[in-house]
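Shown next, in structure tokens, is the structure this report addresses.
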Amino acid sequence: MNEASKPGGAQGSGIQQYTGQPISRRKALAGLASLGGTGLVYGTGTRTASAASATNIVLLVGDGMGPNQIKSGRGLKAARAGRSGSTEPLQLDRHTYSGESTTTNESGGITDSAAAGTAISTGFKTRNGVIGGIIDSSGRFVPKETVLERAKKAGYKTGLVSTSTITDATPAAFGAHVADRSKQAEIARQYIEATGVDVLLGGGRRYFSSTLRDKAKSAGYTYVDTASKLSNLSGSGRTLGLFASSSLNSAVTRFNSSTTQPNMDLMIRKAMQRLGSGKSFLVVENEHIDTNAHSNDPAFTHDVLELDESGTRIALDSRGSETLVITTADHETGGLSFTSSPNFRVINNLKATGNTLRKRIASADGDETQIRAIVADGTGITDLTVLEMESLKANSGNIRKIVSNRAGYRWSTTKHTKTAVPRFATGPGASSLQGQSHLTGLSDVMRSVIS
């Protein structure tokens, strides 16, 4: 890494200092109360450790998942269990080590997912919008080797899974090189014709032309486009699964409506199966934490739990001691905070995203009886106040504000922030992720355990 692209020095987090020992589950749970439900124990700087090689690497990315997004997941999990007013430990609390990543882009500004993904995948800071490379002093795009490409050269089978388009910024940063993240058709082409990612599961069918899909089949890929077809696949082998023209639906939508789209549980299990029993490198992203947070929609909380239960749990349960599992984020979205007593039962009652409810409420054309029925069905709220009703008649998108207010969610922006994001790790090299460093440190650790 050149000096210009290296992350800055570590900063004190102001949080309980790491003791130098692995974090036990007991200590993680004990930290829930003292840290306001975050359960994190941090050190104060990056540690370098010689790591044993990893047979498998699983990187789980909650796009936009900052510390309070994780706290909301703990609260929702408690509400689902009928324990209102408390938090429950998540699967990510089972990890052995934890730390945090700063997320600034090349210029020190707020990152987008392209620059953040590239930092994680290549170890280089870059400009926003750039995938898998940097822009040099002359304005020229310079590709940089990604950790997925390094793994592939070392004989690992490789996979990308996303609830977004599989060609969106985060997965693209591991399997493609373009100066502009919007070039998703080119990213799709590179996956098949250049990088040769072995397993691709997500949305984005429109970016894979029929000609490219035919090339994929000729290159040995099995193509599937529904959950049932994915479920019926047996054995291992190259797989291209495209389950929507654009992004897949958010978790709360998929769980409360009929769909041919697979859930994350099925995609992750099948990705691992299709990668085979040998060495593998897998990146899994839940995009809708970010998507919903951009519109200040608390429905994102269901996506946090889906990533946790269908990602971290499966990764920790199904791989052995020679597997490095990392659960983290690329940045925080929304500037989320809470009132003193958030009510996660409100979130538990959601059956649709704010965007879906916005459209339904707008279609009621001001009919209060219809609006009350739509809100009750989608949120469980049956006692809309006069002011809430008037706000919905004025702007149906205010349903997100109503849910946020009732749940005690507070937002400072609809954009990304500079908030440092938590990271959790287990397996070879995991101890190096204690403390605080830039996102680029994740790349360094993963590269160090590739054999």
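Mapping the sequence shown onto this note's numbering, position 96 (from 1) lands on 82, and the numbers just tick up by one.
Cβ atoms here follow ideal geometry from the backbone N, Cα and C, with glycine treated the same way.
Asked                                                                                                              : Found
Inter-residue Cα distance where the pair is residue 212 and residue 153                                            : 18 Å
Own chain residues within Cβ distance below 6 Å of residue 276, not counting five before or after                  : 49, 50, 319
Counted within 10 angstroms of its Cβ, other Cβ atoms place residue 187 as buried (16 or more) or exposed          : buried
Best match in 250, 404, 143 for proximity to residue 53 [C-alpha to C-alpha]                                       : 404
Rounded separation between residue 344 and residue 235 - CA only                                                   : 16 Å
Beta-carbon gap between residue 414 and residue 39 smaller than 8 Å                                                : yes
Under 8 Å between C-beta atoms of residue 114 and residue 101                                                      : yes
Close beta carbons around residue 395, own chain, < 6 Å, minus the five adjacent residues each side                : 284
Proximal residues to residue 299 (C-beta, below 6 Å), its chain only, five neighbours per side dropped             : 77
In chain order, each beta strand (DSSP E) run of at least 3 residues that lies wholly inside the stretch 82 to 121 : 83 to 88, 119 to 121
Beta-carbon proximity of residue 47 to residue 183, cut-off 8 Å                                                    : no
Closest Cα partner of residue 151 within the set 349, 418, 342, 227                                                : 227
Limits of the unbroken beta strand (DSSP E) element including residue 424                                          : 421 to 424
Backbone secondary structure at residue 149 - three-state DSSP                                                     : strand
Span of the alpha helix (DSSP H) around residue 272                                                                : Run containing residue 272: none in the alpha helix (DSSP H); it sits in the beta strand (DSSP E), 266 to 272.
Validate contact between the stretch 299 to 312 and the stretch 360 to 378 using beta carbons, cut 8 Å, 3 pairs    : no
Same chain, Cβ closer than 6 Å to residue 22, five either side skipped, listed in chain order                      : Any answer about residue 22 is weak, because its pLDDT of 35 lies below 50 and its placement is not dependable; what the coordinates show is given next. No residues qualify anywhere along the chain.
Buried or exposed by the 16-neighbour rule on C-beta atoms within 10 Å, applied to residue 139                     : exposed
N- and C-terminal bounds of the beta strand (DSSP E) containing residue 43                                         : 42 to 48
Cβ pair residue 132, residue 185 closer than 8 Å                                                                   : no
Uninterrupted alpha helix (DSSP H) stretches inside the stretch 140 to 222 (no shorter than 4 residues)            : 155 to 161, 170 to 176, 196 to 204, 213 to 217
Enclosing beta strand (DSSP E) for residue 360 [first to last residue]                                             : Per DSSP, residue 360 belongs to no beta strand (DSSP E); it is in the alpha helix (DSSP H), 354 to 365.
Proximal residues to residue 428 (C-beta, below 6 Å), its chain only, five neighbours per side dropped             : 106
Reference residue 146; option with closest CA among 268, 84, 389                                                   : 268
Exposure label - residue 383; buried when at least 16 CB within 10 Å                                               : buried
Completely contained alpha helix (DSSP H) runs for the stretch 295 to 338, where each covers 4 or more residues    : 299 to 304, 330 to 334
Distance, residue 85 Cα to residue 122 Cα                                                                          : 31 Å
Where residue 286 sits in the DSSP three-state scheme                                                              : helix
Contact test: residue 240 Cβ vs the ligand ZN heavy atom, cutoff 7 Å                                               : Among the components modelled here there is no ligand, and therefore nothing to report on the ligand ZN.
Expected contact under 8 Å - CB spacing of residue 332 and residue 389 to nearest Å                                : 6 Å
Assigned exposure category for residue 355 - 16 Cβ within 10 Å defines buried                                      : exposed
Which listed residue (67, 68, 73, 69) has its alpha carbon closest to that of residue 59                           : 73
Residue 103 and residue 162 closer than 8 Å at C-beta                                                              : no
6 Å Cβ shell around residue 96 - same chain, five flanking residues per side excluded                              : 402, 404
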